[in-house]
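When we follow this note's numbering, the leftmost residue of the sequence shown carries the number 180, and every step to the right adds one.
Glycine included, C-beta positions come from ideal geometry on N, C-alpha and C.
Computed from a predicted model, the values in this text were never measured in an experiment.
Reading through the structure tokens given below for one structure.
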Amino acid sequence: MTSAAGNIAIAIVTYNRSTFLKELLASAAAMDTPPFRIVVVDNASTDDTQDVIAAATTDFADGVLVNHRLATNTGGSGGFSEGTRVALELGADWVWLMDDDVEILPDAIEQFAPWMQRFQVIHGRRYDFDGTPFYWQAKFNEFLGVPLPYSGKQFGREGYAITNSGTFEGMLIHADVVRVIGLPDPRFFISWDDAAYAWLAAQHTDVVYVDAFVLKRKREQKQVNLGIRHLNDGSPLFRFHVIRNRAYVGKYFAEHGKLNRFGFGLGTALTLAKEVFRLLVVQHTLKGLGDLVRGFRANRALWRDDTWRPMDPADVPAPLTPGTGTGTGGPS
């Protein structure tokens, strides 16, 4: 789509969930205003994902659906990094990042449009899999280095809330911001990547959560309603990375002079306690404790890695200039 706000590319990361992907692509084809490009990053799926993408190609104008298959599974972090890079190479002014287990509401772009005139990092609202509004009110507490639910009404009189955290289940980000902070960091693999990426953006621009429904979550999960937030179940990969990746978050905080070592250590202890609580209350087991222990050991090793550097904005594709390319895309 080309508008006053520019070209919007949707970047979808998928891995072995072809049924969800098929439904998501069908919802994208039914959008009132079609996107400029849809970049599907296939994280080396072993199911019929490639067949689903091929079949969906006919639902879009020529070149709109871009099939970007990776040789190995790079996790959500690697997939979103690649999806953002490809979208910018094709000439996108905005990248709308999303997992494969959501559905796009038909008027999503129309809902975003007025906010795109004011802000450069935007999160719209989501319905949960049961049709109720999904609860999300995350904001980084910088002393602890963890996103915490904030109290009070989510949205002010103008219909938005300023935050400094984010989610790749629907983050809309302007290419200019990516060129300042770099691509999403693929080293996270999964967990903390989206929260940290929005936090990085918030060091340079306003990150907002707007009172406009744009997505519906499709995957049902075990969860416990705690009133101020919901706790979903977690996989062994998640448990490992949610502890390991605290080191990456801390290194980014330190890079921007925001790391309080005592507070951040306390935040890590609280994160560990939350994951034990999740095992007990949501999954009714303690079998995942080993994943958390392994994650903590990897966390300490990363803290000791003196070679670590943040993502380099110089690696972000430069804006297209007139006459340099068509931006039509295609299989890559």
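Item: Extent of the continuous beta strand (DSSP E) to which T342 belongs; Value: Y339 to T342
Item: Residues sharing a beta bridge with F319, DSSP; Value: P326
Item: Simplified DSSP state of Y431, which is helix, strand or coil; Value: helix
Item: Simplified DSSP assignment, three categories, for Y150; Value: No answer is possible for residue 150: the residues shown for the chain start at 180 and end at 511.
Item: Residues of its chain near H435, where Cβ-Cβ distance is below 7 Å and the 5 sequence neighbours each way are ignored; Value: Q382
Item: C-alpha gap between V192 and R366, whole angstroms; Value: 16 Å
Item: Closest by C-alpha distance to G324, when choosing among A235, D227, G446 and A374; Value: G446
Item: Contacting residues, own chain, Cβ-Cβ under 7 Å from L416 (five flanking each side not counted); Value: I369
Item: C-alpha distance - R396 paired with G345, whole-angstrom precision; Value: 16 Å
Item: Within the segment 259–320, ranges of the alpha helix (DSSP H) (whole runs, at least 4 residues); Value: 287–295
Item: Buried or exposed by the 16-neighbour rule on C-beta atoms within 10 Å, applied to T251; Value: exposed
Item: Presumed contact (8 Å Cβ cut-off) between S256 and P328, rounded CB distance; Value: About 24 Å separates the two Cβ atoms, so there is no contact after all.
Item: Closest Cα partner of D391 within the set T253, F313 and N424; Value: First, the amino acid is wrong: residue 391 is Ala here, not Asp. With distances taken between Cα atoms, A391 lies closest to F313.
Item: F392 - DSSP class collapsed to helix/strand/coil; Value: strand
Item: Distance CB(Y388)-CB(Q462) smaller than 8 Å; Value: no
Item: Length of the line joining the Cα atoms of V220 and H247; Value: 5 Å
Item: Residue(s) in a DSSP beta bridge with A190; Value: V218 and L276
Item: The segment 224–240 touching the segment 301–315, judged by at least three CB pairs closer than 8 Å; Value: no
Item: Under 8 Å between C-beta atoms of D385 and F419; Value: no
Item: Outcome for T342 when other beta-carbon atoms lying within 10 angstroms are tallied against a minimum of 16; Value: buried
Item: Assigned exposure category for F456 - 16 Cβ within 10 Å defines buried; Value: exposed
Item: Cα-Cα separation between R297 and R476, rounded to whole angstroms; Value: 43 Å
Item: Delimiting residues of the beta strand (DSSP E) encompassing R488; Value: No beta strand (DSSP E) contains R488, which DSSP labels as neither H nor E.
Item: Residue nearest to G361 in terms of C-alpha spacing, selected from Y306, A497 and G474; Value: A497
Item: As assigned by DSSP and simplified to three states, the class of I352; Value: strand
Item: Helix, strand or coil at N478 according to DSSP, with G and I counted as helix; Value: helix
Item: C-alpha distance - K318 paired with W273, whole-angstrom precision; Value: 23 Å
Item: Close beta carbons around D491, own chain, < 7 Å, minus the five adjacent residues each side; Value: G361
Item: Neighbourhood of N478 by C-beta, 7 Å cutoff - its chain only, sequence neighbours within 5 removed; Value: I422, R423, R425 and A426
Item: Span of the alpha helix (DSSP H) around H247; Value: Note, H247: premise wrong, no alpha helix (DSSP H); beta strand (DSSP E) at L244 to R248.
Item: Beta carbon of A190 nearer than 8 Å to that of T253; Value: no
Item: Enclosing alpha helix (DSSP H) for Q229 [first to last residue]; Value: T228 to A235
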